[in-house]
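Student:
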Ligand SMILES: Cc1cc2nc3c(=O)[nH]c(=O)nc-3n(C[C@H](O)[C@H](O)[C@H](O)COP(=O)(O)OP(=O)(O)OC[C@H]3O[C@@H](n4cnc5c(N)ncnc54)[C@H](O)[C@@H]3O)c2cc1C
């Protein structure tokens with residue numbers, strides 16, 4: 031059933047300071063509204079319980095992609111289309127560019143934001159696996175100040191965020207230094223476009239003398255949150271990716287993911303696909 035639109039209230043603060051003041055004055059009262067691609071779906075379905083929103087879309091402090099010698103900082107309002115267009119991101123963080131290209135349709139990519147994708151906290155979201163393997167950090171801001179937290183651990187459980195009610199995600203920071211790493215991303219869905227992931231796999235690795243000197247692996251749609259597969263990483267770090275080592279890593283992966291049956295897929299299929307993608311990742315990095 032569609033929602034009754036006049037029952038909702040939206041304000042458009044002109045600056046970040048004005049938005050933060052509004053949120054501080056009534057911490058659980060106001061919710062940010064960015065591109066609206068998640069919120070409008072809920073509104074249309076009559077499932078948007080919150081009533082008061084602050085449109086942050088036009089706040090300049092939440093926009094832009096800036097590079098320093100150590101980091102690339104993306105404003106929370108960075109859209110998928112902006113990620114796709116950015117040459118530096120394509121070169122140094124190709125998994126993020128790939129995730130953006132495989133998200134929804136062009137219309138969704140023009141409007142959906144990275145901050146919204148993170149705050150919506152769907153276990154099937156497609157940019158978080160890339161952000162996790164690139165060790166992203168989040169800059170969170172409120173009227174009381176700013177804090178920086180690792181993205182890894184920001185989601186505490188299904189739809190549970192380490193974000194206070196008066197805080198906004200301002201920036202997503204990616205540490206540079208990915209040169210020489212191999213990057214691997216696969217989104218498995220019903221179709222090649224406009225499909226929610228059944229399994230999403232992102233991995234990066236650096237090889238030295240045939241051994242995996244370092245690596246990071248993250249998966250979506252196989253647990254209540256997008257997760258870093260740290261036990262699987264441990265099974266591979268420092269090893270040659272032989273068939274025996276890969277099998278042991280696949281067993282480690284089976285222990286740390288908790289796929290479920292739902293309308294998109296089955297737990298059994300998700301486990302098999304995740305393990306197959308892990309093997310493909312190992313073959314790719316050793317090629
Ligand atoms: C047709 C369609 C296809 C889609 N396909 C995909 C897909 O393939 N893969 C995928 O991952 N997603 C997909 N999505 C989901 C969606 O596009 C993303 O989650 C999007 O990135 C959300 O960003 P937004 O700016 O639209 O968020 P909004 O809808 O504005 O907000 C989402 C949530 O985040 C909060 N929020 C937004 N910005 C901030 C901020 N800066 N600080 C704190 N909280 C904030 C809001 O309060 C709200 O709770 C699809 C959506 C649609 C409608």
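Residue numbers (this note's numbering): 31 to 317. Beta carbons are placed, not taken as given, at the ideal position from N, Cα and C, and that holds for glycine.
#1: Quick check on the DSSP output: what are the complete beta strand (DSSP E) runs of length 3 or more inside the segment 189-260, in order along the chain?
#2: In or out: residue 40 buried (at least 16 other Cβ within 10 Å) or exposed?
#3: What's the gap between the Cα of residue 243 and the Cα of residue 77?
#4: Measuring only from the beta carbon, is residue 62 closer than 7 angstroms to any heavy atom that is part of ligand 3?
#5: Quick check: the segment 195-206 against the segment 222-238, are there 3 or more CB pairs under 8 angstroms?
#6: Is residue 149 close to ligand 1? I mean its beta-carbon at under 7 angstroms from any heavy atom of the ligand.
#7: What are the boundary residues of the beta strand (DSSP E) that includes residue 94?
#8: Does residue 39 come out as helix, strand or coil in the three-state DSSP assignment?
#9: Which stretch, first to last residue, makes up the alpha helix (DSSP H) that contains residue 176?
#10: Could you have a look at residue 168 and say whether DSSP puts it in helix, strand or coil?
#11: What is the C-beta distance between residue 69 and residue 126, in whole angstroms, given that I count them as a contact (C-beta under 8 angstroms)?
#12: Given the structure, does residue 190 come close to ligand 1, in the sense that its CB is under 7 angstroms from one of the ligand's heavy atoms?
#13: Could I get the ranges of all uninterrupted alpha helix (DSSP H) runs contained in the segment 82-161, with 4 residues as the minimum, in chain order?
#14: Just reading off the alpha helix (DSSP H) that residue 311 is part of, what are its end residues?
#15: Under 7 angstroms: does the beta carbon of residue 256 sit that close to some heavy atom of ligand 1?
#16: Quick one: give me the first and last residue of the beta strand (DSSP E) that residue 62 is part of.
#17: Measuring from the CB of residue 178, is there a heavy atom of ligand 1 at a distance below 7 angstroms?
#18: Using C-beta distances below 6 angstroms, list every residue in its chain close to residue 158, excluding the 5 sequence neighbours before and after it, in chain order.
#19: Are the CB atoms of residue 235 and residue 280 nearer to each other than 8 angstroms?
Tutor: To lay it out plainly:
#1: 198-205, 212-218, 229-238, 241-250
#2: exposed
#3: Their Cα atoms are separated by approximately 47 angstroms.
#4: Among the ligands modelled here, namely ligand 1, ligand 3 does not occur.
#5: no
#6: Yes, since a heavy atom of ligand 1 falls inside the 7 angstroms radius drawn around the Cβ of residue 149.
#7: Looking at the DSSP string, residue 94 is not in any beta strand (DSSP E), and its letter there is neither H nor E.
#8: strand
#9: It is not in any alpha helix (DSSP H) - residue 176 instead sits in the beta strand (DSSP E) that spans 175-180.
#10: Secondary structure of residue 168 (DSSP, three-state): strand.
#11: At roughly 23 angstroms, the Cβ-Cβ gap does not stay under 8 angstroms, so residue 69 and residue 126 are not in contact.
#12: no
#13: Those alpha helix (DSSP H) runs which fall completely within the segment 82-161 and span 4+ residues are 110-115, 117-122, 124-131, 136-141, 144-150.
#14: 297-316
#15: No - ligand 1 has no heavy atom lying nearer than 7 angstroms to the Cβ of residue 256.
#16: 61-63
#17: no
#18: 256
#19: Not in contact: residue 235 and residue 280 (Cβ atoms no closer than 8 angstroms).
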